[in-house]
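Single-structure report; data block below.
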Amino acid sequence: MLIMLIYMQKEGYPDHESADYVSFRFLGVLILSVPLGLHIKGKKLYPFFKIAVYFVPALAWMIVQSIHQHQSTLLYITMFLWGISFTLIQIPVLPYILRNTHAQDRTSAISLSYATFSFASISSGFIIFILRNIDPILFTEKLLLEILIIISLAAIFFIKSMVPVEEHFEQDNTTRWNLLDFDWTSIIQATVPTLLIAIGAGLTIPFIGIFFYNVHQLDSQNFSLIGAIAAILVAFAAVQVPYIKNKLGFKTAIPLTQSLAILALILMASTELYKNMHAAIYIAVACYIMRQPLMNMAGPMTSEVVMGYVGNKNREIMSAITAAIWSGSWFISSRIFKVLRESGFPYYQVFFITACLYASGVILYFALVIKYNIKLKRGEID
638 MLIMLIYMQK
648 EGYPDHESAD
658 YVSFRFLGVL
668 ILSVPLGLHI
678 KGKKLYPFFK
688 IAVYFVPALA
698 WMIVQSIHQH
708 QSTLLYITMF
718 LWGISFTLIQ
728 IPVLPYILRN
738 THAQDRTSAI
748 SLSYATFSFA
758 SISSGFIIFI
768 LRNIDPILFT
778 EKLLLEILII
788 ISLAAIFFIK
798 SMVPVEEHFE
808 QDNTTRWNLL
818 DFDWTSIIQA
828 TVPTLLIAIG
838 AGLTIPFIGI
848 FFYNVHQLDS
858 QNFSLIGAIA
868 AILVAFAAVQ
878 VPYIKNKLGF
888 KTAIPLTQSL
898 AILALILMAS
908 TELYKNMHAA
918 IYIAVACYIM
928 RQPLMNMAGP
938 MTSEVVMGYV
948 GNKNREIMSA
958 ITAAIWSGSW
968 FISSRIFKVL
978 RESGFPYYQV
988 FFITACLYAS
998 GVILYFALVI
1008 KYNIKLKRGE
1018 ID
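Residues in the sequence shown are numbered consecutively from 638, following our numbering.
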């Protein structure tokens, strides 16, 4: 995703059309998330990762070829299936971590999981930057995406060489599809702030690359370098989360990091208003690099609060609902982005909408943390 939208732009797809295609990736996750979450309850999760490592790169390759050949129908289908294949990683990963870690290690384990994606962004960002600077004519965005897909095939070797851990979980003798088994009051309370954050993120995160490309004329190699630098800070921030949590506590750490991230987003979006000034691009880049680690720093903490708040029996379904919310919101947000851009809305106005949604989510997360702390004091959270 780092340069795919820039690649689509250069292939002749306007940003609102790209948003339409990309939305189908999130639709795929939305449709499968809850059924998969119900299905994995009381089951081993490792096999789902084994399936995903084959389908994610294969479908990514088909997407790149579909874009190049302007095969619209195939592009919709492969985007949709790509989203489904990602679901096999996204939904089981958090329950897998929670099943196989001690309570005192959970923040570190979740943070490391978040950092893994940052390490991938760092690697891909530097690969794109170096190869584009060696020969920008040879190393087109299409070839770079193909190279990254080939590299990703190494995951097949690594997952095959892994020794599966003995997964610790209680056998579930209840009917997996009986929705009355879950504590829906707690689930809904934990879901609402995630929903607001996710809708806002869907209006911004997938389209930051084309914001820099169209507003500040930042091409793929330079944006990839900036993305890699931001990813380094994200990875560093992720491994600092346990320390920050222990030092400040959820009640301070979550709203503080999220609020600073919102401020950085507003400042970044505002640069469109004075984009002809020499300093505009530097301010935009600095804010982007700061926003990434701050918002991602809150992720492991909010995940731990949410999973602790809903309790053991609701974790698989909560993970599924969270994935459905993110993907469903991004699907809806991508459609909204398409409409707003077709209607002539500048990027900064779209990003300001994100900031408002983020702010609402932060307030509700703060309220959730207070309820979490009450449950913790009562001994209702293990």
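Note that beta-carbon positions come from the ideal geometry of N, C-alpha and C, so glycine has one too.
Asked                                                                                                                                                            : Found
Can you determine whether any heavy atom of the ligand NAD sits closer than 8 Å to the C-beta of R769, and answer yes or no?                                     : The ligand NAD is not part of the structure shown, which contains no ligands of any sort.
Taking 9 Å as the cut-off, decide whether the C-beta atoms of W963 and A835 are in contact.                                                                      : yes
Give the range of the alpha helix (DSSP H) segment to which F848 is assigned.                                                                                    : 845-852
Got a sec, what are the start and stop residues for the alpha helix (DSSP H) M955 sits in?                                                                       : 952-979
G886: which of M716, H676, T939, T710 sits nearest, CA to CA?                                                                                                    : T939
For K678, which of helix, strand or coil comes out of DSSP?                                                                                                      : coil
Please state if the CB of R769 and the CB of S861 are separated by a distance shorter than 9 Å.                                                                  : yes
Whose C-beta lies closer than 8 Å to the C-beta of R1015 among residues of the same chain, with five residues either side of it excluded?                        : none
Rounded to the nearest angstrom, what separates A987 and K797 at their Cα positions?                                                                             : A small fix is needed here, since residue 987 is Val in this sequence, not Ala. Their backbone Cα atoms lie some 44 Å apart in a straight line.
Leaving out the 5 sequence neighbours to the left and right, which residues in its chain are closer than 7 Å to L830 when beta-carbon positions are compared?    : The amino acid at residue 830 is misidentified as Leu; the sequence shows Pro. Cβ neighbours of P830 beyond the five flanking positions: G998, L1001, Y1002, L1005.
Between the segment 638-653 and the segment 833-852, can you find at least three pairs of beta-carbon atoms closer than 8 Å?                                     : yes
Would you check if the segment 859-877 and the segment 647-666 touch, i.e. whether three or more CB-CB distances between them fall below 8 Å?                    : no
Which ranges does the alpha helix (DSSP H) cover as unbroken runs of at least 4 residues, wholly within the segment 880-942, from first to last along the chain? : 887-907
Kindly give me the distance between the Cβ atoms of I728 and A957, rounded to whole angstroms, as I take these residues to be in contact under 8 Å.              : 5 Å
Taking DSSP as the reference, what is the three-state secondary structure of L642?                                                                               : helix
State the Cα-Cα distance for the pair L711 and F692, rounded to the nearest angstrom.                                                                            : 16 Å
Between the segment 919-937 and the segment 748-761, do three or more beta carbon pairs fall short of 8 Å?                                                       : yes
In the DSSP assignment, the alpha helix (DSSP H) including Q727 goes from what residue to what residue?                                                          : 709-736
Compute the beta-carbon to beta-carbon distance between L664 and F968, rounded to the nearest angstrom, for a pair I have assumed lies under 8 Å.                : 5 Å
Which residues bound the alpha helix (DSSP H) around I700?                                                                                                       : 683-706
If we ignore side chains and look at the alpha-carbon of each, how far apart do V976 and V659 end up?                                                            : 14 Å
I need the DSSP call for D856, collapsed to helix, strand or coil.                                                                                               : coil
Could you tell me the boundaries of the alpha helix (DSSP H) in which E648 lies?                                                                                 : No alpha helix (DSSP H) holds E648; DSSP gives it neither H nor E.
Taking DSSP as the reference, what is the three-state secondary structure of T812?                                                                               : Note on T812: pLDDT 49, under 50, position unreliable in the model; no value is reported.
What is the rounded straight-line gap between the Cα of L904 and the Cα of I920?                                                                                 : 8 Å
Spatial neighbours of T812 within its chain, please: C-beta separation below 7 Å, excluding the five flanking residues on both sides.                            : Residue placement at T812 is flagged as unreliable, the pLDDT there being 49, under the threshold of 50; the coordinate-derived value follows with that caveat. Once the five neighbours on either side are set aside, T812 has no close Cβ partner at all.
By Cβ distance below 6 Å, which residues in the same chain neighbour N1010 in space, the five residues on each side in sequence not counted?                     : none
What are the start and end residues of the alpha helix (DSSP H) that includes Q826?                                                                              : 821-839
Quick check on this structure: which residue in I771, M955, L673 has the alpha carbon closest to the alpha carbon of F819?                                       : M955
Indicate the three-state DSSP secondary structure (helix, strand or coil) for G948 in the structure shown.                                                       : coil
So, with DSSP's three-state summary, where would you put G665?                                                                                                   : helix
Within this structure, are the beta carbons of N851 and Q646 separated by less than 9 Å?                                                                         : yes
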